[in-house]
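Working notes for the structure below.
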Amino acid sequence: MEIHESLNVGMTTNKAKPVHEVRLGFIKAAVWRNETESGVRYNVTFSRLYKDNDQWKSTESFGRDDLLLLAKVADQTHSWICSQNQESYDTTKAPSSRSSDAR
Numbered sequence: 024m025e026i027h028e029s030l031n032v033g034m035t036t037n038k039a040k041p042v043h044e045v046r047l048g049f050i051k052a053a054v055w056r057n058e059t060e061s062g063v064r065y066n067v068t069f070s071r072l073y074k075d076n077d078q079w080k081s082t083e084s085f086g087r088d089d090l091l092l093l094a095k096v097a098d099q100t101h102s103w104i105c106s107q108n109q110e111s112y113d114t115t116k117a118p119s120s121r122s123s124d125a126r
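Residue numbers (the numbering used here): 24 to 126.
Structure below.
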């Protein structure tokens, strides 16, 4: 461990950060933006926060009692991604889909 830490001394890390997070209780979703040839795609990672002695940690393992809250976090995350995709769609398309000879 000491060797690993000493290797990082003086080095700056450009660790990517999520573009959005959703958290309910100890369950958290992190949304990651990825530029692709087809446009923007979002990926999501889920984690559960817990305290080990005095230190906060996270895990990607969920128990039975976490699942309903995980589903709610996933639902809110899905809604956020859909709203981002809608905003992107709105800015790349014509303002109105109605024809000019509307009656």
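For glycine and all other residues, C-beta sits at the position ideal for the given N, C-alpha and C. Here the structure is a predicted model, which means the values were calculated and not measured.
Let's see if you can read the secondary structure: which residues bound the beta strand (DSSP E) around residue i?
| i | result |
| --- | --- |
| serine 70 | 62-75 |
| lysine 51 | 50-59 |
| valine 3 | Within the shown structure, residues of the chain are numbered from 24 to 126, placing residue 3 beyond reach of any answer. |
Give me the Cα-Cα distance between residue i and residue j, rounded to the nearest whole angstrom.
| i | j | result |
| --- | --- | --- |
| phenylalanine 85 | tyrosine 65 | 22 Å |
| tyrosine 73 | leucine 90 | 15 Å |
| serine 81 | alanine 52 | 12 Å |
| alanine 39 | glutamate 58 | 13 Å |
| serine 61 | valine 67 | 18 Å |
| leucine 47 | cysteine 105 | 19 Å |
| valine 63 | leucine 93 | 25 Å |
| lysine 95 | phenylalanine 69 | 12 Å |
| glutamate 110 | tryptophan 103 | 11 Å |
| arginine 87 | isoleucine 50 | 13 Å |
| arginine 71 | valine 54 | 15 Å |
Considering only the beta carbon of each residue, do residue i and residue j sit closer than 8 Å?
| i | j | result |
| --- | --- | --- |
| arginine 56 | valine 42 | yes |
Under 8 Å between C-beta atoms, does residue i make it to chain B?
| i | result |
| --- | --- |
| glutamate 60 | Within the model displayed, chain B is absent; a lone protein chain is all it includes. |
Spell out a yes or no on whether the region 76-86 and the region 98-113 are touching, meaning 3 or more CB-CB pairs, one atom from each, closer than 8 Å. no
Which ranges would you report for the alpha helix (DSSP H) in the region 71-111 if only whole runs of at least 4 residues count? none
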